[in-house]
Amino acid sequence: MGRYVKVIVKNNSQYTDNLFTYKVPEFLQDEICLGHRVLVPFGKGNKPIEAYVFKIMHNNDEGVDTKDIYDILDERPTLKREDLELIHWMKNRYLCTYMDCINLIIPKGYKLNNYKLITLHPSLKGIEPYELYDLSEQLSENKKFVLQKVLDNKGKIKLDKLVDKRIEYSAQVAEDEEIYQVKDKKTLKRKVADNLNSLLYKMKEESLIDLKWEYKSIKNEIKICYVSLKMNYVDMMFYIKENKIRLGDKQKQVLEFLKNNDDVEINDLVDLLKASKSTINSLKEKNLIEFKYEDFYRKTKSNFNYQNKEVVLNEEQNYAIEKITSEMFDEEKKPYMIHGVTGSGKTEVYMEVIDYALKQGLDSIVLVPEISLTPQTIARFKNRFKDIVGVFHSRLSEGEKHDVLREIKKGNIRILIGARSAIFAPFNSLGVVIVDEFHESSYKSDKNPKFSTLEVGRYLVNKRNITLVLGSATPSVEEYYRAKTGEYELIELKKRANNKPLPKIEVVDMKEELKCGNRSFLSNKLRLQIEEEIKNNNQVILFLNRRGYSSFVSCRECGYVFKCKNCDISLTYHKKQNIGKCHYCGYEEVIPQKCPECESKYVKAFGLGTEKIEEEIKQIFEGVRVLRLDKDTTSQKHELENILNKFQNREADILIGTQMISKGLDFNHVTLVGILSADMMLNFPDFKSFENTFQLVTQVSGRAGRSEKEGKVILQTYDSESSVIKRIVDYDFEGFYEDEIKIRKLFNYTPFNNMLSVVISGKNELLVKKNITNLYNNIVYLLTERGIQDFDFILGPNPCSISKINSNYRWQILFKDDNIEINLLKGIIKYICITKKDIVFDKDVNISIDINPNSIL
DNA sequence: CTCCTACTCTGA
DNA sequence: CAGAGTAGGAGG
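For what it's worth, UniProt numbering labels the leading residue of the first sequence as 1, then goes sequentially.
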């Protein structure tokens, strides 16, 4: 009676995303647990690969052939039972693979490196060199080459290395041979490895070589070594004499030093006494000192100076805190939505809730949108909770991520601030998840699994009874609808914490400005206002949602527009480098003086970007100190902190920025915010563009008047009559919501429906078209079979709005589940796009499935 | 992705 | 006919 396990194997192939059954050998039977990372032989070559235990069984019901697992890789299971449930749920909800989900949850940096090793065949091991030489002379060129290389490397060589040598060799021998001219190094290596492999198997059959897999388990950890004496100093002197141990001067020095100091870090010891590591090591061998290893926690240091503020909570805040904390242990609680105007002190409420949870022994996660994961936010939490605060986001290195997750598991980190994937942090007793600015689009993942953080949060409330708090000044329409219909507990914070009114928003109609002959991007009003504020020694923020110098470059003679070679996107002009940049794939090209089409000289950059604003502001206001905050100025590490520090220390008067400045920034002396063009966002061809505009403008406006001084906002637009603009000016979120929800209802958008998008992309446009048509036909066929005749809910296939990204052509089919059960639709799509993927689709196309995508571009 | 089998192509 | 190379299917 043996034991069997079902595992998910960590393979790079999408076609092995099933549970595989393995037998557990006798010696592992008592140790194996759910969620263990194990090593299993996989495929015909029994390559050792990592796998995760999803199920343990006492018999092999299905009667499939099984192999034995090789080993258990970690002492403790990497995945908990509830993680496995979460993975199942996510896989079904977002139609992705098990491995996609596992990769989100497990600590980064646990890797298995495996490589194929080629050795001489055992029968040739003792053979005389001359015999071997004769033998190899009879072989074909290729085989001789392999054998030669094996011998050169003392009888064993890694496949990888052999492939390299082979490419090197071929390049020398046959320079003009086509295959070795392939530019793409990876493809070349693939091909050579493939060829070599089939050769190697033949050689194995001929008893020339032996093949085996070797592997190495890697844990991306750094240990610190502490040195102390093994016994007390006097005893040791005696011991040395007794055993006649000879010591060098340096060694004596080290011992002397350790007499008064315990647990000295080995590197300090080396530095202080100018001793070498071998000196210390030999002392250890003589059994006089001992080493103690401890995990090293790679923390990123922040240079941001936090300015502490005295905080007194107001009535509204106290009510919110009381409400949330008093229900923390209720079984049937709802998620909370805090709708609080900008500056209403939501963060203070979060911190009180976290503090309460902490005292009850519960851990907390604070999620913030990636762009507002600013030093300011982090400093605020660290200032209050000190060392138990951890930070987790995509810019950390693999090693840093690993360390943070390890410290969480150990219980050293109790509060984690991070971007969306931090919601999967492996806390031992998670109590609170806070999602700040939950309306932000970055809470929806854009890579597999394409999860919505809020959905995962709601799942956690259901399954693990955590306290979920969503906070925003500008809730998204669909989540606000949930609050209205009773799915969330709605808590309103209507007053600013400093009791100052919200900054007044004034609209300037740029059409009028144009009529009066002002052709610049600055209205007279805004220009005068800026002058005034600077005169009064206040600070100004200018907001424009586009980086670069100009949005596109075109020829005025023939209308030619410079476009990205790889994408269907016009190039944004960056003046400093005189290049056109593609903001999708990073492609750059120098913009020539002459039009490449008609050779005219009238090549001009059109539209506005932050770079141009900066340049012109410096001209208009002489001597004014300007800072620019966008992706271009913050590409280097710590640049963001530097800019924020400078602005905080009032080393600049004007801060120009993209949406990076809209969140979480809290400056005391900003009295004026200028929104240079609200239209850019308003006219975006997406059903969420009104919502996005409302949110962004409200958020940016909220940067003004956060301290003693009152703030003011000037909003420039060509469309001053727009209903959205009017709602923004009145801070009328309710009104905006009512307008918007009617539209959503009318067109059956979220929250009234789920939307499912399938995008097929590939380098070959015809192939993409063929595949998407095929997909459409298959779906229609299967739906007809289930008695569905009305296909109005299917839109497409159509080319995506951005029809080409990174040389990949993109076509899309959209589904709205008006008159069809979402699970039926998902079932069918899953069947076609995942289960039967290899039959339905060509190999050279990618399929991307997204439930309720952020945008349908 | 990786292996393996079965097949075709090439050149003496 | 041997050796080189390719295509396609399956992985417990």
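We put the CB at the ideal spot given by N, CA and C, even for glycine. None of the values given here were measured: they were computed from a predicted structure.
- Proximity to R786 [Cα-Cα], best of Y749, K763, L825 and D792: Counting from one through the first sequence, the residue named residue 786 turns up at place 786. The residue with the shortest Cα to Cα distance from R786 is L825.
- Reduced DSSP category for K570 - H, G, I as helix; E, B as strand; rest coil: Indexing the first sequence from 1 puts residue 570 at position 570. Contrary to the premise, residue 570 reads as Ser rather than Lys in this sequence. Here S570 sits in strand by DSSP.
- Measure the Cβ-Cβ separation of A422 and F392 and say whether it is below 7 Å. Within the first sequence, the letter at position 422 stands for residue 422. Within the first sequence, the letter at position 392 stands for residue 392. Yes. Within cutoff.
- Helix, strand or coil at G827 according to DSSP, with G and I counted as helix: Stepping through the first sequence from its first residue, residue 827 is reached at position 827. If DSSP states are grouped into helix, strand and coil, G827 belongs with the helices.
- Message: Can you find the residues in the same chain that come closer than 8 Å, C-beta to C-beta, to L19, ignoring five residues on each side of it along the sequence?
- Response: If you number the first sequence from 1, residue 19 lands on position 19. Closer than 8 Å at the Cβ level, and outside the excluded window around L19, lie K6, V7, I8, F54 and K55.
- Message: So the candidates are S807, T474, L629 and L544; which of them puts its Cα closest to the Cα of K763?
- Response: Looking up residue 763 in the first sequence gives position 763. The shortest C-alpha separation from K763 is found at S807.
- Could you pull the start and end residues of the alpha helix (DSSP H) that V192 belongs to? Looking up residue 192 in the first sequence gives position 192. Residues K185 to E205.
- Can the beta-carbon of L86 be found closer than 7 Å to that of I849? By one-based count along the first sequence, residue 86 stands at place 86. By one-based count along the first sequence, residue 849 stands at place 849. No. Outside cutoff.
- Got a sec? Which residues, its chain only, sit under 6 Å from D100 by beta carbon, not counting five neighbours each side? For the purposes of this step, residue 100 is identified with residue 100 of the first sequence, where counting begins at 1. The answer, listed in chain order, is N448 and P449.
- Within 10 angstroms of the Cβ of residue 860, are there 16 or more other Cβ atoms? Answer buried if so, exposed if not. Past the edges of the chain, shown from 1 to 857, lies residue 860, and the structure says nothing about it.
- Task: Label P853 either buried or exposed according to how many other C-beta atoms from any shown protein chain fall within 10 Å of its C-beta, with 16 as the threshold for buried.
- Result: Position 853 of the first sequence, counted from the first residue, corresponds to residue 853. It counts as buried.
- Item | Nearest candidate by alpha-carbon position, reference Y297, set Y319, A275 and V389 | For the purposes of this step, residue 297 is taken as the residue at position 297 of the first sequence. Considering only alpha carbons, the answer is V389.
- Message: Looking at G674: is its Cβ nearer than 7 Å to the Cβ of I714?
- Response: Counting from 1 along the first sequence, the entry for residue 674 is found at position 674. Counting from 1 along the first sequence, the entry for residue 714 is found at position 714. Cβ atoms of G674 and I714: closer than 7 Å.
- Item | Bridge partner(s) assigned by DSSP for T485 | For the purposes of this step, residue 485 is taken as residue 485 along the first sequence, with counting starting at 1. Looking at the DSSP assignment, T485 forms no beta bridge with any residue, so it has no partner.
- According to DSSP, which residues form a beta bridge with M755? Reading the first sequence from its first residue, position 755 is the one you call residue 755. For M755, which the question treats as bridged, DSSP gives the partners K816.
- Hey, quick one: how far does the beta strand (DSSP E) through S523 stretch, first residue to last? Indexing the first sequence from 1 puts residue 523 at position 523. Looking at the DSSP string, S523 is not in any beta strand (DSSP E), and its letter there is neither H nor E.
- Integer-rounded CB distance, given that S228 should sit under 8 Å from L258: Counting from 1 along the first sequence, the entry for residue 258 is found at position 258. Counting from 1 along the first sequence, the entry for residue 228 is found at position 228. Rounded, the Cβ-Cβ distance is 6 Å, consistent with contact.
- Query: Quick one: is S801 buried, meaning 16 or more other Cβ sit within 10 Å of its Cβ, or exposed?
  - Reply: Locating residue 801 in the first sequence gives position 801, where the first residue counts as 1. The residue is exposed, with fewer than 16 neighbouring Cβ atoms inside 10 Å.
- Message: Give me the DSSP bridge partner(s) of Y4.
- Response: Mapped onto the first sequence, residue 4 falls at position 4. Y4 pairs with K23 and M57.
- Item | Ordered list of beta strand (DSSP E) runs contained in the segment 284-334, each at least 3 residues | 289-295
- Message: Whether or not the segment 430-444 and the segment 826-834 are in contact is what I'm after, with contact meaning three or more pairs of Cβ atoms, one per stretch, closer than 8 Å; do they touch?
- Response: no
- What are the start and end residues of the beta strand (DSSP E) that includes V341? Taking the first sequence and counting its residues from 1, the one referred to as residue 341 is at position 341. Premise fails: V341 is in no beta strand (DSSP E) and is neither H nor E.
- Evaluate residue 861 with the Cβ neighbour count: other Cβ atoms within 10 Å of its Cβ, from every protein chain shown; 16 or more gives buried, anything less gives exposed. Since the first and last residues shown for the chain are 1 and 857, residue 861 lies out of range.
- Item | Inter-residue Cα distance where the pair is E721 and E512 | Counting from 1 along the first sequence, the entry for residue 721 is found at position 721. Counting from 1 along the first sequence, the entry for residue 512 is found at position 512. Those two C-alpha atoms are separated by around 13 Å.
- Item | Rounded separation between A473 and G559 - CA only | Numbered from its first residue, the first sequence carries residue 473 at position 473. Numbered from its first residue, the first sequence carries residue 559 at position 559. Roughly 43 Å between the two C-alpha positions.
- Pull up the distance between the alpha-carbon of K494 and that of L416, whole angstroms please. As a working note, residue 494 is residue 494 in the first sequence. As a working note, residue 416 is residue 416 in the first sequence. Each residue's Cα considered, the two are about 28 Å apart.
- Taking Cβ positions, are S554 and V561 nearer each other than 7 Å? Locating residue 554 in the first sequence gives position 554, counting from the first residue. Locating residue 561 in the first sequence gives position 561, counting from the first residue. Cβ distance < 7 Å, so S554 and V561 count as in contact.
- Task: Flag this pair as yes or no: are the beta carbons of Y215 and L112 separated by less than 7 Å?
- Result: Against the first sequence, residue 215 aligns to sequence position 215. Against the first sequence, residue 112 aligns to sequence position 112. Taking 7 Å as the Cβ cut-off, Y215 and L112 qualify as a contacting pair.
- Rounded to a whole number of angstroms, what is the C-alpha to C-alpha distance between E168 and E131? Here the question's residue 168 lines up with position 168 in the first sequence. Here the question's residue 131 lines up with position 131 in the first sequence. Those two C-alpha atoms are separated by around 28 Å.
- Determine the burial state of F291: buried for a count of at least 16 other Cβ atoms within 10 Å of its Cβ, exposed for fewer. For this step, residue 291 is matched to residue 291 along the first sequence. Under this definition F291 is an exposed residue.
- Can you give me the Cβ contacts of E658 inside the same chain, cut-off strictly under 8 Å, excluding the 5 residues immediately before and after it? Here residue 658 is taken as the residue at index 658 of the first sequence, counted from 1. In the sequence on display, residue 658 carries Thr and not Glu. Within the same chain, T658 has close Cβ partners F543, L544, N545, R546, R547, T610, L629, D630 and K631.
- Task: Just the C-alpha distance for D844 and I851, rounded to the nearest angstrom, thanks.
- Result: The residue you call residue 844 lines up with position 844 of the first sequence. The residue you call residue 851 lines up with position 851 of the first sequence. So the two alpha carbons sit approximately 23 Å from each other.
- Task: Could you pull out every residue in the same chain whose Cβ sits closer than 8 Å to the Cβ of Q253, ignoring the five residues on either side in sequence?
- Result: The residue given as residue 253 occupies position 253 in the first sequence. The residues are L273 and A275.
- Item | Boundaries of the beta strand (DSSP E) in which C225 is found, first to last residue | Here residue 225 corresponds to residue number 225 of the first sequence, with the count starting at 1. Here the beta strand (DSSP E) through C225 covers K223 to L229.
- Item | Contacting residues, own chain, Cβ-Cβ under 7 Å from S429 (five flanking each side not counted) | Along the first sequence, one-based indexing puts residue 429 at 429. So the qualifying residues of the chain are G361, L362 and D363.
- Item | Sequence-distant residues of its chain with Cβ nearer than 6 Å to I179 (five each side left out) | Numbered from its first residue, the first sequence carries residue 179 at position 179. Interpretation of I179 is limited by its pLDDT of 45, a score under 50 that renders its predicted location unreliable; the figure taken from the coordinates is listed afterwards. Same-chain partners within the cutoff: there are none.
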